[in-house]
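*Asks:* Taking UniProt numbering, the leading residue of the sequence shown gets 1, the next gets one more, and so forth.
Input: one structure, supplied below.
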Amino acid sequence: MAEPLYVPVLPVRQNARTAYEHVRPDIQAAMAPLWNLPPCPGVPPAALQKAYWQQELNRVRGAHRRYPGWVDAPFAEEAQIPALAEILSECTGLSRLLRPVTGPERIEAQQSAALETARRYGCGLGIRVCVPGEWNGRTAEDVGQLLGQAGPDVPVDLLLDLGSVLPTRPDAGKEALRALDALRPLAAWRAAAVLGGSFPQVTGDMLELGHLHEEPRADWHMWHEIQASGRDYLPGLTYGDYGVQPVTALAQGRGGGPPRWGVLRYTTDNWFVLCKVLNGGPDRTASIRAAARRISDLPEFRGASAGAGETWLRDCANGPLTTGKGTGQAPDWLRAGNIQHMTYVVRCLDQR
């Protein structure tokens, strides 16, 4: 597996999967997503084969005909682990490009199942090390024990997951470096990625309708801090993020009806640009087209030829007020947001 330029952390949902499918081929070739099954609280193991995400997981597998990624079930309940392990093992066996994931904090049954899948299919194993706060040196010992179980014949990938990296966490870069300094010598990692998310948790009172709002890309700033450290392992290190959703979005189940408002998203060098729109009523179409126009009028807007995300924003902005056709729904806004974001991130990383 060649080292990817970019590891997007994505939910097994239609909007994320279609975003991955609709980036340009050269962008897709530079990416290796980490796919995450949503939580299934209280669902009995026998019912997981018919869970609502099962069909989407099959489509994710179908999307990985050429390029690799990882697949994880980070919210699995203990009783569900054997059934989920079987589902993910089948997914890996059919694709061979989707690698199983475990971690030092997972229970033994989950670790063993992931290791068995990695051995059976010769695909290797992703080890997701979560550092939501200060680095704990004992974690390196736990990772070492897990590597000992894997043995030298199983290729291993380090997925260092910082979780939420917001401006309120200014030491995230230092904690990432402490973790990397401890973990990098433990194995001949096939790939090593630093993951973090800085898209905010958007609330109704956070944004003013129709006005552009900027939030700093703290995870991107953390990446540059790591790159400036001079460590000798930097050339083999990969950047990853959670796209244009907050980290907490992975843990959300299916919602109810459509929300009364939504958000259009755009990524610039240092900022996430957000614009709140109406999702109902007679002014819905005008609200969404106006928001798309404000974004496409930004000096940093990269033009409709940059990718399918920008094309959608351009077409939405220029559409007629007499029809809502082309204004989309919340999944369309997420898909367009992730397409433009992933495309931009890969192109930025490709320039380094």
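Think of the CB as a built atom: it goes at the ideal place given N, C-alpha and C, for glycine as much as any other residue.
Is it true that the CB of LEU212 sits closer than 8 Å to the CB of PRO11?
*Replies:* Here residue 11 is taken as the residue at index 11 of the sequence shown, counted from 1. Here residue 212 is taken as the residue at index 212 of the sequence shown, counted from 1. In this structure, LEU212 does not lie closer than 8 Å to PRO11 by Cβ.
*Asks:* Alpha carbon to alpha carbon, how far is MET1 from ALA29?
*Replies:* As a working note, residue 1 is residue 1 in the sequence shown. As a working note, residue 29 is residue 29 in the sequence shown. Annotation note: pLDDT 48 at MET1 (below 50); position unreliable, coordinate value reported separately. Going from the Cα of MET1 to the Cα of ALA29 covers about 12 Å.
*Asks:* Out of ARG302, HIS341, SER287 and MET342, which has the shortest C-alpha to C-alpha gap to GLY328?
*Replies:* Against the sequence shown, residue 328 aligns to sequence position 328. The candidate whose alpha carbon is nearest that of GLY328 is SER287.
*Asks:* Go to ARG65, then tell me how far its beta strand (DSSP E) extends in each direction, as first and last residue.
*Replies:* Residue mapping note: residue 65 aligns to position 65 of the sequence shown, counting from 1. Careful: ARG65 lies outside any beta strand (DSSP E) and carries neither H nor E.
*Asks:* Work out the CA separation of SER112 and ASP157 for me, nearest whole Å.
*Replies:* Mapped onto the sequence shown, residue 157 falls at position 157. Mapped onto the sequence shown, residue 112 falls at position 112. Roughly 16 Å between the two C-alpha positions.
*Asks:* Nearest to ALA290 by CA position, among TYR233, ASN58, VAL263 and PHE75, is which residue?
*Replies:* Residue mapping note: residue 290 aligns to position 290 of the sequence shown, counting from 1. Closest by alpha carbon: VAL263.
*Asks:* Which complete beta strand (DSSP E) runs does the stretch 106-173 hold, if anything under 3 residues is left out?
*Replies:* Within the stretch 106-173, the complete beta strand (DSSP E) runs of at least 3 residues are 125-130 and 156-164.
*Asks:* Helix, strand or coil for GLY309? Go by DSSP, reduced to three states.
*Replies:* If you number the sequence shown from 1, residue 309 lands on position 309. Three-state DSSP puts GLY309 in a helix.
*Asks:* My guess is that GLY173 and GLU225 are in contact by the Cβ rule of under 8 Å, so how many angstroms apart are they, rounded?
*Replies:* Position 173 of the sequence shown, counted from the start, is the residue given in the question as residue 173. Position 225 of the sequence shown, counted from the start, is the residue given in the question as residue 225. GLY173 to GLU225, Cβ: 4 Å. Contact.
*Asks:* State yes or no: is the C-beta of ARG128 within less than 8 Å of the C-beta of ASP72?
*Replies:* The residue you call residue 128 lines up with position 128 of the sequence shown. The residue you call residue 72 lines up with position 72 of the sequence shown. Closer than 8 Å, so yes.
*Asks:* Does the beta-carbon of LEU321 have 16 or more other beta-carbons within 10 angstroms, so that it is buried, or is it exposed?
*Replies:* Here residue 321 is taken as the residue at index 321 of the sequence shown, counted from 1. LEU321 is exposed by the Cβ-count criterion.
*Asks:* Cα-Cα, which of LEU146, VAL23 and THR285 is closest to GLY326?
*Replies:* Start at 1 with the first residue of the sequence shown, and residue 326 comes out as number 326. Among LEU146, VAL23 and THR285, the Cα nearest to that of GLY326 belongs to THR285.
*Asks:* DSSP on LYS325, reduced to helix/strand/coil?
*Replies:* Within the sequence shown, the letter at position 325 stands for residue 325. Three-state DSSP puts LYS325 in coil, outside helix and strand.
*Asks:* By a C-beta neighbour count over all protein chains shown, 10 Å radius and 16 as the cutoff for buried, is LYS50 buried or exposed?
*Replies:* Sequence index remark: in the sequence shown, residue 50 carries index 50 (1-based). LYS50 is exposed by the Cβ-count criterion.
*Asks:* Judging by CA-CA distance, which residue of GLY133, ARG184 and GLN340 is the nearest neighbour of GLU141?
*Replies:* Working through the sequence shown from its first residue, we reach residue 141 at position 141. GLU141 has its Cα closest to that of ARG184, out of GLY133, ARG184 and GLN340.
*Asks:* Could you tell me which residues DSSP puts in a beta bridge with TRP271?
*Replies:* For the purposes of this step, residue 271 is taken as the residue at position 271 of the sequence shown. DSSP, once it has assigned bridges, lists PRO216 as partnering TRP271.
*Asks:* Within the same chain, show all residues whose beta-carbon is closer than 8 Å to that of GLY210, passing over the 5 residues directly before and after it, in chain order.
*Replies:* As a working note, residue 210 is residue 210 in the sequence shown. If we look at GLY210 and ignore the five residues flanking it on each side, its Cβ neighbours are CYS275, LYS276, VAL277, SER287, ALA290, ALA291 and ARG294.
*Asks:* Helix or strand or just coil, what does DSSP make of TYR344?
*Replies:* Position 344 of the sequence shown holds residue 344. The answer is helix: DSSP assigns TYR344 an H, G or I state.
*Asks:* In the DSSP output, what is ALA191 paired with across the bridge?
*Replies:* Translated into positions along the sequence shown, residue 191 becomes position 191. ASP157.
*Asks:* Going along the chain, which residues of its own chain have a beta-carbon closer than 7 Å to the beta-carbon of VAL165, five neighbours each way excluded?
*Replies:* The residue given as residue 165 occupies position 165 in the sequence shown. Cβ neighbours of VAL165 beyond the five flanking positions: ALA172, GLY196, GLY197, SER198, ALA218, ASP219 and MET222.
*Asks:* Is the beta carbon of LEU5 less than 8 Å from the beta carbon of ASP269?
*Replies:* As a first step, residue 5 must be located in the sequence shown, where it is residue number 5. As a first step, residue 269 must be located in the sequence shown, where it is residue number 269. Cβ distance not < 8 Å, so LEU5 and ASP269 don't count as in contact.
*Asks:* Tell me, to the nearest whole angstrom, how far the beta carbon of LEU334 is from that of VAL244; I am working on the premise that it is less than 8 Å.
*Replies:* As a working note, residue 334 is residue 334 in the sequence shown. As a working note, residue 244 is residue 244 in the sequence shown. About 7 Å separates the two Cβ atoms, so the contact holds.
*Asks:* Answer with buried or exposed for ILE107, where buried requires no fewer than 16 other C-beta atoms within 10 angstroms of its C-beta.
*Replies:* Here residue 107 corresponds to residue number 107 of the sequence shown, with the count starting at 1. That one is exposed.
*Asks:* Compute the distance between the beta-carbons of SER95 and THR117, then report whether it is under 8 Å.
*Replies:* Counted from its first residue, the sequence shown places residue 95 at position 95. Counted from its first residue, the sequence shown places residue 117 at position 117. Contact flag unset, no.
*Asks:* Check whether the Cβ atoms of ALA308 and ILE339 sit closer than 8 Å, and answer yes or no.
*Replies:* Numbered from 1 along the sequence shown, position 308 holds the residue referred to as residue 308. Numbered from 1 along the sequence shown, position 339 holds the residue referred to as residue 339. Going by C-beta atoms, ALA308 is nearer than 8 Å to ILE339.
*Asks:* Taking residue 435 as the reference, which of ASN136, GLY124 and GLY62 has the closest Cα?
*Replies:* Outside the shown range of the chain (1 to 352) lies residue 435, about which nothing can therefore be said.
*Asks:* Kindly identify the DSSP beta-bridge partner or partners of GLY197.
*Replies:* Indexing the sequence shown from 1 puts residue 197 at position 197. In DSSP, GLY197 forms a bridge with SER164.
*Asks:* Measure from the alpha carbon of PRO235 to the alpha carbon of each residue in ARG190, TYR266, THR18 and ASP297, then state which is nearest.
*Replies:* As a working mapping, residue 235 is identified with position 235 in the sequence shown. When each option's Cα is compared against that of PRO235, the closest is ARG190.
*Asks:* Taking the straight line between their C-alpha atoms, what separation do you get for ALA330 and ASP153?
*Replies:* The residue you call residue 330 lines up with position 330 of the sequence shown. The residue you call residue 153 lines up with position 153 of the sequence shown. Taking the straight line from one Cα to the other gives about 45 Å.
*Asks:* From GLY126 to VAL101, what does the alpha carbon distance come to, in whole angstroms?
*Replies:* Here residue 126 refers to the residue found at position 126 of the sequence shown. Here residue 101 refers to the residue found at position 101 of the sequence shown. Roughly 4 Å between the two C-alpha positions.
*Asks:* Buried or exposed, going by whether 16 or more other CB atoms sit within 10 Å of the CB of GLN201?
*Replies:* Within the sequence shown, numbered from 1, the residue matching residue 201 stands at position 201. GLN201 should be labelled exposed.
*Asks:* Helix or strand or just coil, what does DSSP make of MET222?
*Replies:* Reading the sequence shown from its first residue, position 222 is the one you call residue 222. In this structure, MET222 counts as helix in the three-state DSSP scheme.
*Asks:* Let me know if PRO167 comes out buried or exposed under the rule of 16 or more other beta-carbons within 10 Å of its beta-carbon.
*Replies:* Position 167 of the sequence shown, counting from 1, holds the residue named residue 167. It is exposed - the Cβ of PRO167 has fewer than 16 other Cβ atoms within 10 Å.
*Asks:* First and last residue of the alpha helix (DSSP H) that includes ARG284?
*Replies:* For this step, residue 284 is matched to residue 284 along the sequence shown. Start and end: 284-296.
*Asks:* Nearest to THR238 by alpha carbon, out of GLN227, VAL247, CYS40 and PRO246?
*Replies:* Position 238 of the sequence shown, counted from the start, is the residue given in the question as residue 238. That would be GLN227, whose Cα lies nearest to the Cα of THR238.
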